[in-house]
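A.B. asks: If you read the sequences in order, they're chains A and B.
When you line the first sequence up against our numbering, it's residues 1 to 191, in that order.
When you line the second sequence up against our numbering, it's residues 192 to 382, in that order.
The beta-carbon is built from N, C-alpha and C at its ideal position, and this holds for glycine as well.
Keep in mind the model is a prediction, meaning the values are calculated, not measured.
Protein chains: 2
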Amino acid sequence: MARKKEFDPEERMEKARDLFWEKGYNATSMEDLVQTMGLNRGSIYDTYGDKHSLYLQCLGNYAAEKLKEHKEAASGTSPMERVENMIRSAVEATVNTGKCCMAVNSTFELAAVDQSVHSIIKNNWKDIVDFFEQLLTDAKAQGEISADKDPKLMAEFIAANFTGLWQTFILSKDKKQVEKLAQFLIDMVKH
Amino acid sequence: MARKKEFDPEERMEKARDLFWEKGYNATSMEDLVQTMGLNRGSIYDTYGDKHSLYLQCLGNYAAEKLKEHKEAASGTSPMERVENMIRSAVEATVNTGKCCMAVNSTFELAAVDQSVHSIIKNNWKDIVDFFEQLLTDAKAQGEISADKDPKLMAEFIAANFTGLWQTFILSKDKKQVEKLAQFLIDMVKH
DNA sequence: GTTATTTTAGAACAATCGTTCAAGATGGTA
DNA sequence: TACCATCTTGAACGATTGTTCTAAAATAAC
């Protein structure tokens, strides 16, 4: 055996992830990454592969973490309360950090032309929609939402609305407006 | 006086616009533009300025055209029917062309870091929301939607949902699903 | 037909892009 | 202690980036 890495690959990847998150894939240069990660070019290539490979790892890391956060945010005594908390929690995270979802940024920058990116995001999207669907199915069984509602369709609708909320936040930069819109969504879903 | 341009600046700009639309700003190189526009580098710089300036002109052109299309799609005998047709028309355009909104792509790629881009898109966004708001105000006056609804908020909600529909289309590539989601939105808005 | 002015064409610019490589440093194992 | 696989370093690669410049071609006005 030989030397051990002087850095923590996971920790440095998160620095790269935050940079990609902020600037997007194409606007982030290898030089930027060298500076931000505090690593030599060679170490980056040796550890993560090329820029695209590093990006995929960052995106995968983000997606996994985001899914975990969504599930953690789903606290509450009833299914619909859990759905509500998920929505509010996502909005809160956005307005507090000032950053919107990296996966959504990536969707509009790359997913249409990059198969690997598309696949990662689509799977993550499906996980989130499935989680919503389960909650809404429970809500329906408990009579929290009316019997004529389609949990799957409604789950997709809620998830799609996240993207709308993020766009609204980017354009308006108005915390209050995003929160009002989120409340409107919740009211619509609950009836 | 001297020579006249051998090309139609407007027509060539639309070729640039379509390329930016497809690939995004950062992934489009000047060389790409030279090839696609069929112009010499010098002619591009002389006519449109640098790459960023050309992009802003393309985006402005797109925004103006999109607003026009939205208004043209707003046909119908009642306000709510006109709103419905706007939504359906936007979805149809997306699934038929396979392309989603350039302004939304641009929002997630650039608006957070580019003030000029942000301004163009925000203004266009406001125009569209205002148009929806007017229709919804009429709908409310005519009793098509209930009196407790807020037309402005609902207009923002509908506009935000467009973005969600586009994202769903990119990820699912499923025409039917996007149409179902659009119908769900219409049902929600109409009650 | 001359002149003035613009448009063209394409070479060329420095800067940056993503990537590779060779040489030196390191430390666990034999 | 000697070995050597691995990690670190920094220079360097060719390709491409956005942009500029020069000279030739073209045309409207005189």
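By alpha-carbon positions, which one of A:Phe169, A:Ser106, A:Lys149 and A:Phe132 ends up nearest to glycine 215 of chain B?
C.D. replies: A:Ser106
A.B. asks: By Cβ distance below 7 Å, which residues in the same chain neighbour lysine 140 of chain A in space, the five residues on each side in sequence not counted?
C.D. replies: Ala147, Lys149 and Pro151
A.B. asks: Run through DSSP, which three-state label would aspartate 341 of chain B get?
C.D. replies: coil
A.B. asks: Near tryptophan 21 of chain A, which residues of its chain fall below 6 Å by C-beta distance, leaving aside the five closest residues on each side in sequence?
C.D. replies: Hits under 6 Å: Met102.
A.B. asks: Whole angstroms is fine: what's the gap from alanine 182 of chain A's alpha carbon to asparagine 124 of chain A's?
C.D. replies: 22 Å
A.B. asks: In the DSSP assignment, find the alpha helix (DSSP H) that holds phenylalanine 211 of chain B and state where it starts and stops.
C.D. replies: 200 to 214
A.B. asks: Below 9 Å on C-beta distance, what does tryptophan 21 of chain A contact in chain B?
C.D. replies: Result: empty, since nearest Cβ-Cβ is about 11 Å, beyond 9 Å.
A.B. asks: Output needed for glutamine 177 of chain A: all residues of its chain with C-beta closer than 7 Å, excluding positions within five of it in sequence on either side, in chain order.
C.D. replies: Thr168
A.B. asks: State yes or no: is the beta carbon of phenylalanine 131 of chain A nearer than 7 Å to at least one beta carbon in chain B?
C.D. replies: Taking Cβ atoms only, chain B never reaches closer than 7 Å to phenylalanine 131 of chain A, which makes this a no.
A.B. asks: Using three-state DSSP, classify isoleucine 336 of chain B as helix, strand or coil.
C.D. replies: coil
A.B. asks: Starting from leucine 247 of chain B, find everything on chain A with Cβ-Cβ shorter than 7 Å and list it in chain order.
C.D. replies: In chain order: nothing, as chain A lies at least about 17 Å away.
A.B. asks: At least one CB of chain B closer than 7 Å to the CB of threonine 36 of chain A: is that the case?
C.D. replies: no
A.B. asks: So asparagine 217 of chain B contacts chain A; which residues on that side make the cut at Cβ distance below 9 Å?
C.D. replies: For asparagine 217 of chain B, the neighbours in chain A by C-beta distance under 9 Å run, in chain order, Gly24, Tyr25, Asn26, Ala27 and Glu109.
A.B. asks: Counting only C-beta atoms, is methionine 221 of chain B closer than 7 Å to chain A at any point?
C.D. replies: no
A.B. asks: Enumerate, from N- to C-terminal direction, the unbroken alpha helix (DSSP H) stretches of 4 or more residues contained entirely within the stretch 43 to 121 of chain A.
C.D. replies: 51 to 73, 79 to 97 and 102 to 106
A.B. asks: Go through its chain and collect everything with a Cβ distance to isoleucine 336 of chain B's Cβ below 6 Å, but skip five positions before and after it.
C.D. replies: Ala330
A.B. asks: Check whether the Cβ atoms of lysine 257 of chain B and leucine 171 of chain A sit closer than 7 Å, and answer yes or no.
C.D. replies: no
A.B. asks: How many Å lie between valine 320 of chain B and alanine 346 of chain B at the Cα?
C.D. replies: So the alpha carbons of these two residues sit roughly 5 Å apart.
A.B. asks: Report yes if the C-beta distance between serine 116 of chain A and leucine 56 of chain A is below 7 Å; otherwise report no.
C.D. replies: Contact: yes.
A.B. asks: At a CB distance below 9 Å, what residues from the stretch 344 to 356 of chain B approach chain A? Give them in sequence order.
C.D. replies: Leu344, Met345, Glu347, Phe348, Ala350, Ala351, Asn352, Phe353, Thr354, Gly355 and Leu356
A.B. asks: Which word fits glutamate 133 of chain A, buried or exposed, when buried means at least 16 other C-beta atoms lie within 10 angstroms of its C-beta?
C.D. replies: buried
A.B. asks: Excluding the 5 residues flanking isoleucine 349 of chain B on each side, which residues of the same chain have their C-beta closer than 6 Å to its C-beta?
C.D. replies: Residues of the same chain with a CB within less than 6 Å of the CB of isoleucine 349 of chain B, apart from the 5 flanking positions on each side, are Phe323 in chain order.
A.B. asks: For the candidate residues B:Glu197, B:Met271 and B:Glu260, whose alpha-carbon lies nearest to that of leucine 376 of chain B?
C.D. replies: B:Met271
A.B. asks: Can you give me the C-alpha to C-alpha distance between arginine 279 of chain B and asparagine 352 of chain B, rounded to a whole angstrom?
C.D. replies: 12 Å
A.B. asks: Around the C-beta of alanine 255 of chain B, are 16 or more other C-beta atoms found within 10 angstroms, so that it is buried, or is it exposed?
C.D. replies: If you draw a 10 Å sphere on the C-beta of alanine 255 of chain B, you find fewer than 16 other C-beta atoms in it, and that means exposed.
A.B. asks: Please determine, among A:Val34, A:Val91 and A:His70, the residue with the shortest C-alpha to C-alpha distance to leucine 135 of chain A.
C.D. replies: A:His70
A.B. asks: Buried or exposed: which applies to glycine 240 of chain B, given that a residue is buried once 16 or more other Cβ atoms fall within 10 Å of its Cβ?
C.D. replies: exposed
A.B. asks: Just to confirm, are tyrosine 253 of chain B and arginine 203 of chain B a CB contact at a threshold of 7 Å?
C.D. replies: no
A.B. asks: Between B:Gly355, B:Lys317 and B:His243, which has its C-alpha nearest leucine 301 of chain B's C-alpha?
C.D. replies: Of the listed residues, the one whose Cα sits closest to leucine 301 of chain B is B:His243.
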